[in-house]
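Residue numbers (our numbering): 3 to 141.
#1: Helix, strand or coil for residue 142, going by three-state DSSP, please let me know.
#2: Note down, one range per segment and in chain order, each alpha helix (DSSP H) of at least 4 residues found wholly within the region 32-117.
#3: Could you check which residue in 123, 136 and 75 has the C-alpha nearest to that of residue 1?
#4: Using 10 angstroms around the beta-carbon of residue 30, count the other beta-carbons present and answer buried if the total reaches 16, otherwise exposed.
#5: Can you check whether the CB of residue 99 is closer than 9 Å to the CB of residue 130?
#6: Note down, in chain order, each residue of its chain lying with its Cβ closer than 8 Å to the Cβ of residue 47, except the 5 sequence neighbours on either side.
#7: Does DSSP classify residue 121 as helix, strand or coil?
#8: Helix, strand or coil for residue 137, going by three-state DSSP, please let me know.
#9: Given this structure, state the Cα-to-Cα distance separating residue 25 from residue 33, to the nearest angstrom.
#10: Roughly how many angstroms separate the alpha carbons of residue 76 and residue 35, rounded to a whole number?
#11: Going by C-alpha to C-alpha distance, which of 53, 43 and 41 sits closest to residue 139?
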């Protein structure tokens, strides 16, 4: 996992763009990506305390989804990705083609959602993510 990820992205939207759903403007991520074999792809979110991160993915084969804070991610990368996952992960979802998580931190933080492909072949995934305020509205 120490090599640079082979990632391609298409048909994507990010927080700089927006799309309309049922009369409501929504910000976030909705994209189709490919993660190379034995590789990982991090998504970074700056969250204000009380906001909620909603993240889901559907993949062509089993992947892991790990949620951690910036410090745990940095330690994992600085150690050379020696383990399959960051040691101090907040949440680790293992071996599935579909993952979904919601997390609401109490204080301001940077969260990293990491898609980890442990297989020897690339994985295609559809990723959707949003940060919502306390009222459930997109931030």
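Glycine included, each C-beta is placed from N, C-alpha and C at the ideal position.
Inspection of the coordinates gives the following:
#1: Because the chain in this structure spans residues 3 to 141, residue 142 falls outside the shown range and cannot be described.
#2: 72-80
#3: Residue 1 lies beyond the stretch modelled for the chain, which goes from 3 to 141, so this question has no answer here.
#4: buried
#5: no
#6: 55, 112, 113, 114, 115, 131 and 133
#7: coil
#8: coil
#9: Low per-residue confidence applies at residue 25: pLDDT is 42, beneath 50, and the placement is therefore not dependable enough to give any value.
#10: 23 Å
#11: 53
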